[in-house]
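Some notes on the structure that comes next.
Number of protein chains: 2
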Amino acid sequence: MSKSDKEGVSRRDVLGTGLTAATVAGTAGLVTGGAAVFVAQPETARAEGEDNGHNKAFVPPGKLDEYYGFWSGGHSGEVRIYGLPSMRELMRIPVFNRCSASGWGISNESLQVLTEGLTPEGKAFLAATNQKTYVNGDLHHPRPSYTDGAYDGRFLFVNDKANSRLGRIRLDVMKCDKIIQVPNAHSIHGLRLQRYPRTGYVFCNGENRVPVPNVGKLLDDYKKWSSVFSAVDGDTMEVAWQVIVSGNLDNNDADYQGKYVASTCYNAEEGITVADMTASDKDHIVVFSLAAIEKAIKDGKFETINGVKVLDGRKTSKLGITVYVPVANSPHGCNAAPDGRHLIINGKLSPTVTIFDWTRFDDVFSGKIKGEEAIVGNLEVGLGPLHTTFDGKGHGYTSLFLDSQIVKWNIEEAIRAYKGEKVNPIKQKIDVHYQIGHVNATHGETKEADGKWMVALCKFSKDRFLNVGPMKPENDQLIDISGDKMVLIHDGPTYSEPHDATIVHKSKLNPLEVWKRDDPFFKFSTDWAKKDGVKLEEDNKVIRDGDKVRVYMTAAAPAFGLTQFKVKKGDEVTVFVTNTDDVVDLAHGFTIVDYGVAIELAPQATASVTFIAAKPGVHYYYCQWFCHALHMEMSGQMLVEDAGV
Amino acid sequence: MSKSDKEGVSRRDVLGTGLTAATVAGTAGLVTGGAAVFVAQPETARAEGEDNGHNKAFVPPGKLDEYYGFWSGGHSGEVRIYGLPSMRELMRIPVFNRCSASGWGISNESLQVLTEGLTPEGKAFLAATNQKTYVNGDLHHPRPSYTDGAYDGRFLFVNDKANSRLGRIRLDVMKCDKIIQVPNAHSIHGLRLQRYPRTGYVFCNGENRVPVPNVGKLLDDYKKWSSVFSAVDGDTMEVAWQVIVSGNLDNNDADYQGKYVASTCYNAEEGITVADMTASDKDHIVVFSLAAIEKAIKDGKFETINGVKVLDGRKTSKLGITVYVPVANSPHGCNAAPDGRHLIINGKLSPTVTIFDWTRFDDVFSGKIKGEEAIVGNLEVGLGPLHTTFDGKGHGYTSLFLDSQIVKWNIEEAIRAYKGEKVNPIKQKIDVHYQIGHVNATHGETKEADGKWMVALCKFSKDRFLNVGPMKPENDQLIDISGDKMVLIHDGPTYSEPHDATIVHKSKLNPLEVWKRDDPFFKFSTDWAKKDGVKLEEDNKVIRDGDKVRVYMTAAAPAFGLTQFKVKKGDEVTVFVTNTDDVVDLAHGFTIVDYGVAIELAPQATASVTFIAAKPGVHYYYCQWFCHALHMEMSGQMLVEDAGV
């Protein structure tokens, strides 16, 4: 790194003085010596208070946003719901993390979601290490379910790269209702959904190559390790089938016809060091034929590994279920255009995007043409192209990690230029701050792409915000794409690490305001209540069952149905609490002091928690969600008797 | 609840049609029948895009905020750093929660902070229940340290109501470096700091009355339970002394002279049901004399309980360390005015604020005058007054929970009115949305109160934002108080539950951009490295020590110093990783797939994690903080051999 860079020279300042920003781009530049050529552009930020178009994005107090943004929480493990264009965080949805506020990872209901779908190996690992659940996740790609290429408002699917999981969020209540750990695959990274006729399949890329099965064999024989592609049934959350591939799977996307899925792969070399992995100047994409795969499964061509039907789709396979098309080294983003016809592969280490025509894959799979003949364009866009989004008006918007820019380009013109026509498909470049990863436009991944707003998810923020110490926020920027020119509107600092986002118009969603009492989310509690002959909405009682104690109580502002209960030290206590208030937003909570117990109770919800009464004495429980003028008085006492005292 | 309310009628609509909003105020109204009289006022929200003053608060891309806001995360257990006036969340600081992103609760360094200061009973509870740490907290009051009544930028102190803890955040690195569990006290709620000569003492209210000590005795004899007031030394984070009081301690505040601390108390009745607790029409404040307490400690008038010097400061005590002053039932907020002379007690169930003169407590303690004679004002402000903040120009701004308003009033005029003068101290009321709790102005709790901005932390948001399901965000509103009239500028949805906030001008803080290598935060790792003769910044090696394995590696974009290491199934493995990059914002992370391991590595930081290698096979570790164009390739493999395979 250069000296000036070590000292944290401001990229803003660099731009202001007209110096090239190569030193800055260099902070995350190629070790291989690729020069980060940077053309300084005028800053988009104006003087304080001056209108840069932000009034268009201003949502005054009392007015509603137009779009829901579903933001990945990255390695924070959660999903965040944003409002757009205001870019305000409206809600967090705990998924792979533990959440102190909601009791996610504490309540029995959440622990069922977190653990029931783990693999036997995952469950054995947690048991051997005395953990109820994994406490972390790395959530990259939140994707709303489709019907016929448009968002249908049923589910949001999310991956976990850290512990190889797939999660599903119900959009009617905005809660995660299912999590599975995907067998055989190692580290679920790329995730996209079947678009047609509906979702359908959830396509999950197992990024890392490992032995299959991964039980301690072949440790020193990395040439025999494999990356595994999985299709999960989004309705049942069961793995439908898997395909073993060559190279490391990166990102994938599906067509709008329900026929093909493609995935970028890096490390076609199948090495295990950075030098090995980048030795060749070519990697590849792999294309999967859904019809061929389903036929191969039907024909029994699979091997069952860890309970899953696994097909061989490596380069050497004769099954005809995959084709490999060479592209420049280390491609990254894989994005189907809303025109229904084109697929954009982003070069990362190559300064290009490659355009494929989905319709040509019929001929590729039948052997009439080579894979390369499905390529209809190859456009130089700038340094470090990672992802492309779309406005539905024929443009691609590609994030350039090294240039810290977004480039707007015309798809049809890029195709014509590839054929030799003299046309410049590049329309505009805009600076972003800094080191952008994903980029997403409103409905850009649907046939209803509307070209209104775009968000740039930047990995670094450096001096862009008040200094908050050695760990800096990321920076999610809002860009107006409704006109001819992209206009930067807003800088949005975010906690580590919004990896990706999708944006859904409010007309597509209609969540419940209060829970329905018969929601399956309360199954743990309703099952026990049935056994104990208890009405959750009415009864307040304590049931002793050997050294197990079940405590049922209601919560209605400003009092719990039970203001005291007594247990013995060492008892296993389960407390079931039902919020009987049905007023919108009148949430309660249930916290027991010094017991590490806290759960949320939205209106009409039941939740429960199980713990050992290991600490004797008087322990208050209280409502932690401000509910009433007498909220502070909404409490009671758990009296824990110690026979030895 | 009324029918219209159950159906979620919009308060916005109610106001718009000119109806009284009694039905809405009623959602959280008094059960005791106090009528929530509400006078409709014109809405502050304007038509979309119209300027309501928001341009003044607009911070364009590339410009910095003027203030740091330290936001409580409530029962999310974290602290959030905001930028003001933009109201953007700049960073989260994990404290009492577990954090998937940063590895707070996973790394050895964080586990030391989370567990070393627990009481023996707290440690025993975690051991008996197989938990490494508490996983939740309820953080209400973030307070920056003072020197001579002004913020000095050293520390931020925070309470945990859920598990009776006090935390300290270092403002040079914005990380929590100490947590203690306070013995004898049950549920630390109110927290404020010694202002003069410096912090000094951290005053912690143990809210709930319990047996002292709380070991299983006196379970059925609640009249003998007590609330405990604690003074913690902010430098050593050790409890200096405690005082047993009468009633339940609520909020406290200290004077600007270093002589007195006052606390509101509810439940002077010392009951345990809501009916008991609110039976009398009077509760009290308790005032503590620091000099008298320090003398009593010096004179050996204390009892040592659980290692802490405890004084009797109940109503019946003869020690002369406390005085009790009756005030209307259930007072809540307790706020020292920046004039250095006045203390405001907020009535909650009474529609009044009571003004005390700190200087009169000398005569109260010496017995010259009664406690009531320290009262110099009593002003009717509206329904449900909870907290008051200040502009340094003589005004108090009091939050009204039931009215969902803030009232601006003049302190001197209120004192004159109390003396009988015909003057109306009420200057303005402004609607907030909805059910406000805390209210804080820029530097409002210091002698440098500057009267620029104020935030209203509202507990409900109902239909104020896009519907995100049964659980709604809170709403933190930004109000311009620089002119004669308060002007609502911005609605800020927040995750459960920003309980309180303090706002510090950027000139007061100067955090480090990268860690210093000799920071005591890395002590766990540097101690081990010393024992093992390892240089953390340079060495990459694996040390086997029986069935314990210590793995040392560096991280420099885009590679770890070790790309592979091998252990045996069942080994206890500790991995120490040092980020040797010193570029601002160039963070790395270390995640092991399917192992529930993830830690953060800001520039120049070391962190470590210990786990049992319970799962055989190939397990990738990777950098989860986007660091470089070849970030995806920054990985390696932990090979776990299974002797049985």
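Here the protein sequences come in this chain order: D and Y.
The first sequence begins at 6 in the numbering used here and counts up one residue at a time.
The second sequence begins at 6 in the numbering used here and counts up one residue at a time.
Glycine included, each C-beta is placed from N, C-alpha and C at the ideal position.
Contact under 8 Å by Cβ, residue i with residue j
i, j, result
"Y/Ile374", "Y/Phe361", "no"
"D/His438", "D/Ser404", "no"
"Y/Ser530", "Y/Phe581", "yes"
"Y/Phe395", "Y/Ala461", "no"
"D/Thr596", "D/Tyr626", "yes"
"Y/Gly82", "Y/Asn102", "yes"
"Y/Ile435", "Y/Ile484", "yes"
"D/Asn219", "D/Val315", "no"
"D/Ile184", "D/Val118", "yes"
"D/Asp647", "D/Pro621", "yes"
"D/Asp70", "Y/Leu471", "yes"
"Y/Tyr265", "Y/Phe366", "yes"
"Y/Ile508", "Y/Leu95", "no"
Residues near residue i in its chain [Cβ-Cβ closer than 6 Å; skip 5 each side]
i, result
"Y/Gln569", "Gly641 and Gln642"
"Y/Ser115", "Trp109"
"Y/Ser107", "Pro99 and Glu605"
"D/Lys477", "Ser466"
"Y/Ile186", "A small fix is needed here, since residue 186 of chain Y is Gln in this sequence, not Ile. The residues are Leu123, Thr124, Gly127, Ser169 and Arg170."
"Y/Lys521", "none"
"Y/Ser77", "Leu144, His145, Pro147, Pro503, His504 and Asp505"
Residue interval of the alpha helix (DSSP H) (run including residue i)
i, result
"Y/Asp367", "Phe366 to Phe370"
"Y/Ile298", "Leu295 to Lys303"
"D/Phe130", "Pro125 to Ala133"
"D/Gln117", "Asn113 to Thr120"
"D/Asp481", "Where D/Asp481 is concerned, there is no enclosing alpha helix (DSSP H), although the beta strand (DSSP E) it sits in stretches over Glu479 to Asp485."
"D/His59", "His59 to Ala62"
"Y/Ser530", "Lys528 to Asp537"
Where the beta strand (DSSP E) through residue i begins and ends
i, result
"D/Leu161", "Ala155 to Asp165"
"D/His400", "His400 to Leu405"
"Y/Ile597", "His593 to Ile597"
"D/Ile435", "Ile431 to Asp436"
"D/Ile277", "Segment: none, D/Ile277 is in no beta strand (DSSP E) and carries neither H nor E."
Burial state of residue i (16 or more Cβ within 10 Å)
i, result
"Y/Arg549", "exposed"
"Y/Gly488", "exposed"
"D/Glu638", "buried"
"D/Gly428", "Checking the sequence shown, residue 428 of chain D turns out to be Val, not Gly. Flag for D/Val428 reads exposed."
"Y/Val328", "buried"
"D/Glu308", "exposed"
"Y/Lys457", "buried"
Supposed close pair residue i, residue j - CB separation, criterion 8 Å
i, j, result
"D/Ala333", "D/Ser355", "3 Å"
"Y/Ala341", "Y/Leu384", "Wrong, their Cβ atoms sit about 17 Å apart, outside the cutoff."
"Y/Ala245", "Y/Tyr271", "That pair is no contact at about 26 Å."
"Y/Ile86", "Y/Met179", "7 Å"
"Y/Gly594", "D/His80", "7 Å"
"Y/Ala506", "Y/Gly74", "5 Å"
"D/Leu517", "D/Asp177", "6 Å"
Sequence-distant residues of its chain with Cβ nearer than 7 Å to residue i (five each side left out)
i, result
"Y/Asn164", "Leu144, His145, His146, Leu171, Ile193, His194, Leu196 and Cys209"
"Y/Ala564", "Met639"
"Y/Arg469", "His438, Asn480 and Asp496"
"D/Gly376", "Val328, Tyr329, Val330 and Val369"
"D/Lys528", "none"
"D/Asp599", "Lys620 and His624"
Residues near residue i in its chain [Cβ-Cβ closer than 8 Å; skip 5 each side]
i, result
"D/Pro202", "Thr152, Asp153 and Gly263"
"D/Lys1", "No answer is possible for residue 1 of chain D: it lies beyond the span of chain D, which begins at 6 and ends at 650."
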